[in-house]
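Remarks on the structure that follows.
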Amino acid sequence: MDHDYKVKNARYNDSGEKLPLIFDNLIWLTTKETATYLRRSVNAIHTLVSRRKLRARKFSNRLYFKKEELDYLIDTSQLRGG
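Using this note's numbering, you'd call the opening residue of the sequence shown number 447 and step up by one each time.
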């Protein structure tokens, strides 16, 4: 099977069917999952929450983040060049 047409970062099984990515089916992410998703450290996520840059919900002493809100945050962020 020719792999040139496949989407970058997508995963496929032996039959060539696209497999769901790890975060595709999740609505709520833990702090660690959010850090992985945003490619930041857990400490950086806690800092963003304390500075009110990220909205978190607390349940049973754990923070949860809505994936849809994280996507919106990324989509609406401005480019910064250096």
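Every residue gets a Cβ at the ideal spot worked out from N, C-alpha and C, and that includes glycine.
Asked, Found
"Might you give, ordered along the chain, the residues of its own chain that have their beta carbon closer than 6 Å to the beta carbon of Y510, omitting 5 neighbours on each side?", "W474, R503"
"Within 10 angstroms of the Cβ of V453, are there 16 or more other Cβ atoms? Answer buried if so, exposed if not.", "Because the pLDDT at V453 is just 45, under 50, the model does not fix this residue reliably, and the value given afterwards should be weighed accordingly. Per the 10 Å Cβ criterion, exposed."
"Does the beta-carbon distance from E479 to R501 come in below 8 Å?", "no"
"According to DSSP, what are the bridge partners of R503?", "Y510"
"I'd like to confirm the pairing. Which residues does DSSP put opposite T476 in its beta bridges?", "Y510"
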